[in-house]
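A.B. asks:
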């Protein structure tokens, strides 16, 4: 009997060698859920961040690209030529403190994300009432792929949102309309391999800036963009031993904003540039506002407010799900509202501007309370070389969240 039991046990081991400690087979298809790439945190230039994200109703300079593309045809009040060039480069999420323990996605829990960074590049080309430009905004977050959180076993998630757009100013530069191609891209990196996603949609942005009035009104419409997995030849749908997701999704966003200037000369907030005035007179336009000195005051205090409506999405999970050790939690099931308000003061006219703002970040996670943010910063004139150059800084503080940024661009 004993011999029979031993022979039976040996036969089982021979027939089923994988029955002890066998690993589950690797998936051959990606998961059907989509990665949600909108966190609700401010993603933009230092000026935009410093005034709490309330920039759709300002829309001037390259700092405003990611908020309202109508800025492409918004001529600076001092512009005295038919063409203009603008450029900005911002570095946000500057690593001044330990990243791990922050709550990047506002789910109420600290993230196991050892690193994150954000870059913004903008380029503007103007000729008369026409504008053409692009912005590129990239946010990279590093997540732990194992419970030990080893440095050489992490997953990097880079989300890039960009637009290539044209704009045109109508009337006496009072109404500006912009149409562009909006793109959402994502790259997941683990070791030497990358998994790429991408999709596009059309954006529509508007700005109303009436002459001799101290206010502006702006509208920005961003489409929902779904970017499918761009499978490379022979690439498996597996990242760090887990199935990847079928696509990324950026929700549609409607932003309504308004800004108002106070102080001496505030009615010059929307004044024509010398170049625009000459063009209008040459075209035979009547009732063109009289020429004024470029140094004439135009109000020293600016207040701006904005409300964002973020659409709901279907079958979406949080970005950190790429390394989740449990079943991912659905997000983005309901529409979200995000209010912003900010102010800017010419503290030292022509030299220093200071900024302050607040906004409330809604959570895409069900049952999680919105998170208020305090923002601020400054802009410092540096020197004149071909253009007036300036450096600016910003901060964004909230519960389990901190973001400090620096930017170099033109003083406007």
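In my numbering, the protein residues as written are 24 to 435. Note that beta-carbon positions come from the ideal geometry of N, C-alpha and C, so glycine has one too.
Taking the straight line between their C-alpha atoms, what separation do you get for residue 408 and residue 433?
C.D. replies: Looking at the two C-alpha atoms, the distance is approximately 10 angstroms.
A.B. asks: Let's test the definition: count the other Cβ atoms within 10 Å of the Cβ of residue 418 and tell me whether it reaches 16, buried, or not, exposed.
C.D. replies: Burial call: buried.
A.B. asks: What are the boundary residues of the alpha helix (DSSP H) that residue 302 is part of?
C.D. replies: Residues 297 to 305.
A.B. asks: Which residue's Cα is closest to the Cα of residue 333: 343, 246, 286, 398?
C.D. replies: Per the Cα distances, 246.
A.B. asks: Helix or strand or just coil, what does DSSP make of residue 92?
C.D. replies: In the structure shown, residue 92 sits in a helix (DSSP, three-state: H, G or I).
A.B. asks: On the premise that residue 361 lies in contact with residue 129, defined as a C-beta separation below 8 angstroms, what is that separation, rounded to the nearest angstrom?
C.D. replies: Contact doesn't hold; Cβ gap of about 11 angstroms is too wide.
A.B. asks: Three-state secondary structure (DSSP) at residue 290?
C.D. replies: In the structure shown, residue 290 sits in a helix (DSSP, three-state: H, G or I).
A.B. asks: If I follow the unbroken alpha helix (DSSP H) through residue 421, where does it start and stop?
C.D. replies: Segment 410 to 421 is the beta strand (DSSP E) holding residue 421; no alpha helix (DSSP H) there.
A.B. asks: State the beta-bridge partners of residue 220 as determined by DSSP.
C.D. replies: DSSP output for residue 220 lists 209, 252 as bridge partner(s).
A.B. asks: So, with DSSP's three-state summary, where would you put residue 176?
C.D. replies: Helix.
A.B. asks: When the distance is taken between beta carbons, is residue 341 closer than 8 angstroms to residue 352?
C.D. replies: Yes. Within cutoff.
A.B. asks: At the level of alpha carbons, what is the spacing between residue 357 and residue 94?
C.D. replies: Answer to the nearest angstrom: the Cα atoms are 31 angstroms apart.
A.B. asks: Check for me: the alpha helix (DSSP H) holding residue 69 runs from which residue to which?
C.D. replies: Per DSSP, residue 69 belongs to the alpha helix (DSSP H) from 69 to 73.
A.B. asks: Drop a sphere of 10 angstroms on the beta-carbon of residue 310, count the other beta-carbons inside from all chains shown, and report buried for 16 or more, exposed for fewer.
C.D. replies: Under this definition residue 310 is an exposed residue.
A.B. asks: Find the nearest neighbour of residue 241 within the set 345, 216, 84, 329, judged by alpha-carbon distance.
C.D. replies: For residue 241, the nearest C-alpha among the options comes from 329.
A.B. asks: Identify which residue in 421, 371, 216, 375 has its Cα closest to the Cα of residue 383.
C.D. replies: Nearest of 421, 371, 216, 375 to residue 383, Cα basis: 421.
A.B. asks: Terminal residues of the continuous beta strand (DSSP E) containing residue 270?
C.D. replies: Segment 268 to 273, the beta strand (DSSP E) holding residue 270.
A.B. asks: Can you tell me whether residue 215 is buried or exposed, with buried defined as 16 or more other CB within 10 angstroms of its CB?
C.D. replies: It counts as exposed.
A.B. asks: How many Å lie between residue 369 and residue 338 at the Cα?
C.D. replies: Rounded to the nearest angstrom, the two C-alpha atoms are 47 angstroms apart.
A.B. asks: Counting C-beta neighbours from all protein chains within 10 Å, is the total for residue 371 16 or more, i.e. buried, or is it exposed?
C.D. replies: It counts as exposed.
A.B. asks: Using only the alpha-carbon positions, how far apart do residue 219 and residue 266 sit?
C.D. replies: Looking at the two C-alpha atoms, the distance is approximately 14 angstroms.
A.B. asks: For residue 228 versus residue 185, is the C-beta distance shorter than 8 angstroms?
C.D. replies: Their beta carbons are not under 8 angstroms apart, which means residue 228 does not touch residue 185 by this criterion.
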